[in-house]
Amino acid sequence: MANFNTHLMGAAAVSGLAATVLVMSGAAPHQAVIGYFVLGVIGGLLPDIDLPTSMPVRIAFLSLAVVAGFLVVFTFGRRYSLVELVVLWVGCFVLIRYGLFVLLDRFTVHRGLVHTVPGGIGCGLMTTATAYHVFNASIVHSWLCGTFVSVGFIVHLLLDELYSVDLFGKKLLKSSFGTAFSFGSLSQPLGTVVLYLMVGGLFFICPPSKPFTDFMLDRDTYRGVTQRLVPTAGQAWFPGFLRRVTPASLSGR
Ligand SMILES: [Zn+2]
342 MANFNTHLMG AAAVSGLAAT VLVMSGAAPH QAVIGYFVLG VIGGLLPDID
392 LPTSMPVRIA FLSLAVVAGF LVVFTFGRRY SLVELVVLWV GCFVLIRYGL
442 FVLLDRFTVH RGLVHTVPGG IGCGLMTTAT AYHVFNASIV HSWLCGTFVS
492 VGFIVHLLLD ELYSVDLFGK KLLKSSFGTA FSFGSLSQPL GTVVLYLMVG
542 GLFFICPPSK PFTDFMLDRD TYRGVTQRLV PTAGQAWFPG FLRRVTPASL
592 SGR
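Numbered continuously in the numbering used here, the sequence shown closes out at residue 594.
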């Protein structure tokens with residue numbers, strides 16, 4: 342099993358790269374991209390959320406509750422009064438910190454059903470549905486939010502799987518190999534069926550995915566990125582960068 346720091350770095354690296362591609366494509370506003378990045382990192386921590394001894398995960402969850410509260414305030418900030426916003430903020434915090442957390446705590450076992458590929462897809466779909474129905478986000482934006490959560494989640498599972506392979510030791514496979522990147526649990530057949538039914542149900546309450554798949558498959562989305570993958574031949578790397586980072590008083594004005 343990979344530890345908390347590895348998961349944090351792994352999720353941050355992958356969602357950072359994906360967020361950078363989005364910035365370059367110009368397809369999403371910058372604030373939104375920061376949000377996607379945060380969601381990707383949260384997704385990377387989610388699978389271990391039910392680990393009872395995991396203090397960092399609890400702290401992460403607490404910050405998630407705080408961040409979610411602020412997101413609510415930012416979303417409804419122009420429409421509601423201060424008192425209404427405070428009520429919403431507190432409500433959101435309590436719901437996540439005590440509602441969702443207690444629920445997860447009670448009904449999951451680590452390496453149980455949450456720590457699976459369908460678990461990750463379900464968390465992403467839940468994010469998409471919430472972004473769309475609760476925050477009135479656009480279809481593409483909602484699906485991007487969910488995708489980042491799922492991708493972070495899957496990165497977590499892959500890291501756990503990678504760390505169960507002893508790359509340098511004599512023994513090639515540790516006993517935990519194959520338990521992290523799983524599609525369900527044979528010892529919990531009923532729970533697994535319920536999990537798949539939930540994922541299916543969640544898909545139906547999500548907005549139609551076509552605008553999002555169109556956006557993802559559209560070559561124009563990536564045109565800026567493929568054109569600017571590396572500086573073109575004869576062009577310097579980081580042109581004008583030094584001029585920008587040195588204070589104007591030093592650059593001889
Ligand atoms: Zn894990």
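Positions of the beta carbon are idealized from the N, C-alpha and C atoms, including for glycine. Computed from a predicted structure; not experimentally measured.
Where residue i sits in the DSSP three-state scheme
i       : result
Arg-419 : coil
Asp-559 : coil
Ala-470 : helix
Leu-405 : helix
Asn-477 : coil
Tyr-439 : helix
Val-490 : helix
Ser-366 : helix
Ala-372 : It should be noted that the sequence gives Gln, not Ala, for residue 372. In this structure, Gln-372 counts as helix in the three-state DSSP scheme.
Arg-585 : helix
Trp-549 : Note that residue 549 corresponds to Pro in the displayed sequence, not to Trp. Reduced to three states, the DSSP call for Pro-549 is coil.
Asn-346 : helix
Pro-459 : helix
Trp-578 : coil
Ser-505 : helix
Pro-572 : coil
Leu-387 : helix
Leu-498 : helix
Val-428 : helix
Leu-527 : coil
Gly-453 : coil
Phe-522 : coil
Any non-hydrogen atom of ligand 1 closer than 7 Å to residue i Cβ
i       : result
Pro-388 : yes
Asp-501 : yes
His-497 : yes
His-456 : yes
For residue j and residue i, the rounded distance between their alpha carbons
i       : j       : result
Leu-454 : Ser-526 : 7 Å
His-456 : Leu-503 : 15 Å
Gly-487 : Gly-460 : 13 Å
Gly-410 : Gly-357 : 23 Å
Ala-359 : Gly-532 : 33 Å
Leu-500 : Leu-386 : 12 Å
Thr-468 : Gln-372 : 17 Å
Leu-408 : Gly-376 : The residue you asked about is not Leu; residue 408 is Val in the sequence shown. Taking the straight line joining both Cα atoms gives about 10 Å.
Met-350 : Thr-361 : 16 Å
Val-535 : Gly-432 : 29 Å
Gly-541 : Val-586 : 50 Å
Tyr-477 : His-348 : Note that residue 477 corresponds to Asn in the displayed sequence, not to Tyr. Taking the straight line from one Cα to the other gives about 31 Å.
Val-374 : His-482 : 10 Å
Thr-416 : Leu-570 : 34 Å
Phe-640 : Cys-547 : The shown model of the chain, from 342 to 594, leaves out residue 640, and the question about it has no answer.
Phe-378 : Leu-405 : 13 Å
Nearest neighbour of residue i, chosen from the options [CA to CA]
i       : options                            : result
Phe-402 : Pro-388, Val-379, Arg-438, Leu-358 : Arg-438
Ser-505 : Asp-389, Gly-381, Phe-522          : Phe-522
Gly-283 : Ile-546, Ile-495, Thr-587, Leu-558 : Outside the shown range of the chain, which is 342 to 594, sits residue 283, and nothing can be said about it.
Ala-545 : Ser-404, Cys-433, Thr-471, Arg-560 : The residue asked about is misnamed: residue 545 is Phe in this sequence, not Ala. The shortest C-alpha separation from Phe-545 is found at Thr-471.
Pro-388 : Ala-354, Gly-581, Val-571, Val-458 : Val-458
Gly-463 : Phe-582, Met-539, Leu-498          : Met-539
Ile-282 : Ala-352, Val-475, Leu-485, Phe-345 : Since the first and last residues shown for the chain are 342 and 594, residue 282 lies out of range.
Ala-352 : His-497, Arg-584, Cys-547          : His-497
Inter-stretch contact (C-beta, 8 Å, three-pair minimum) for the stretch 559 to 574 and the stretch 360 to 380: yes
Okay, do the stretch 538 to 555 and the stretch 489 to 505 touch, 3+ Cβ pairs below 8 Å being the bar? no
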